[in-house]
Amino acid sequence: MINIVIASDENYAPHTAALIASIFTNSAAKNINIYLLADNFSDDTKNKFASLERRFSGNICVTDGNIENFFISDHLSKAAYLRLKIPKLLPESVKKTIYLDADLLVKSDISELFNMDIKNKPIAAAPDLGIMTSKRSMAEKINSIGIKKDDAYFNSGVMIMDLVKWRENNYTENLLKLVGTHSFRHHDQDALNMIFRNNWYALPLEFNVIPPIFELPLKVLFSKYRNDAIQAIKDAKIIHYAGGHKPWHYKQTARLNDYYYEMLSKTEFEIPEPKERIFRKYREIFRMWRGQFLTRIL
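Quick look at the structure:
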């Protein structure tokens, strides 16, 4: 059984449905079990996920989440903290799972990720180039979570979790204590990097292709990750629309957005008109186009 956990809320329900559609569309396996940790889903939304389940003959278990009174920013939804409680929320019989953020799309068979050998580590995730190639961001992480200059820092949007190790080592309790008492800049992601420092398996970048990779900014092009980043764009297996790069914001980046609307069309959710944010629109679009152009010529 391939176990996948997704945490979401009412606002992100349509995007979560598109993600689930992308998982089933690209998977040859029929034994996929999706645990959807829901923060205040309406009855109508639950019915739409039930319809999605019937369409793909899959298994989607919608579970209501209980969020403690953590430090929450406007950028991060409460649902993001549910991933810290996954070992407690899932049955004891589930010993391994993939965790996926709600703003992702899968473009390959998810079984490849689930069956990956993570070398006996409690967690696997992809390096976060946006943080690791920024001197300012790394300096902040050194001061706030105690990592060293040469340490790697991972993005928590895609993770493989060894739930046996999590339960044996009380990782959930330690993480909940951290996020409940600290105002980390990157919240639960910082807490995860603090707890699992030098004790995580690095996934290939193509399993979490995020905006710093899409854009190919100079800090990435002139880093040791240059070739890996270029290849990750070409071989992207999971697209992560982190930060400001959301398909439902912009019409113009068709190469990246069409797939989202294709997957959304397989659900019961309405296809919205992109809400373009005028102030940031042209800057964001230029960066994305630049990354696409550089990928073709490098």
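Residues are numbered in the working numbering as their position in the sequence shown, beginning at 1, plus a constant of 1.
Backbone N, C-alpha and C fix where the C-beta goes; we use that ideal spot for every residue, glycine too.
Alpha helix (DSSP H) containing N48: first to last residue?
For N48, the enclosing alpha helix (DSSP H) covers residues 44 to 57.
Among F208, F270, M2, whose alpha-carbon lies nearest the alpha-carbon of K108?
F208
Looking at the unbroken alpha helix (DSSP H) that takes in S224, where does it start and where does it end?
It is not in any alpha helix (DSSP H) - S224 carries neither H nor E in the DSSP assignment.
Mapping DSSP to helix, strand and coil, what is H16?
DSSP places H16 in helix when its eight states are reduced to three.
Cα-Cα separation between N34 and K178, rounded to whole angstroms
29 Å
For T173, the first and last residue of its enclosing alpha helix (DSSP H)
Segment 172 to 182, the alpha helix (DSSP H) holding T173.
Confirm, please, whether the CB-CB distance from S58 to L37 is below 8 Å.
no
Quick one: Cα of H76 to Cα of R186, how far?
The predicted position of H76 is uncertain, since its pLDDT is 45 and thus under 50; no value can be drawn from it.
Can you tell me whether R55 is buried or exposed, with buried defined as 16 or more other CB within 10 angstroms of its CB?
exposed
Would you tell me roughly how many angstroms separate the C-alpha atoms of S74 and D189, rounded to the nearest one?
Residue placement at S74 is poorly supported in this model, since its pLDDT is 49, which falls under 50; the coordinates still yield a value, given next. Rounded to whole angstroms, S74 to D189 spans 11 Å at the Cα level.
Helix, strand or coil at I24 [DSSP, three-state]
helix
Could you tell me the alpha carbon to alpha carbon distance between K150 and K142, rounded to whole angstroms?
Looking at the backbone, the Cα of K150 and that of K142 are separated by about 9 Å.
So what does DSSP say about P248, is it helix, strand or coil?
coil
From D118, I24, P205, D191, residue whose alpha carbon lies closest to that of N144
D191
Which two residues bound the contiguous alpha helix (DSSP H) that contains M2?
Per DSSP, M2 belongs to no alpha helix (DSSP H) and is neither H nor E.
Once DSSP output is grouped into helix, strand and coil, what is the label at S74?
Note on S74: pLDDT 49, under 50, position unreliable in the model; the coordinate value appears next. Of the three classes helix, strand and coil, the one that applies to S74 here is coil, per DSSP.
Once DSSP output is grouped into helix, strand and coil, what is the label at M162?
Looking at M162 - three-state DSSP - the assignment turns out to be strand.
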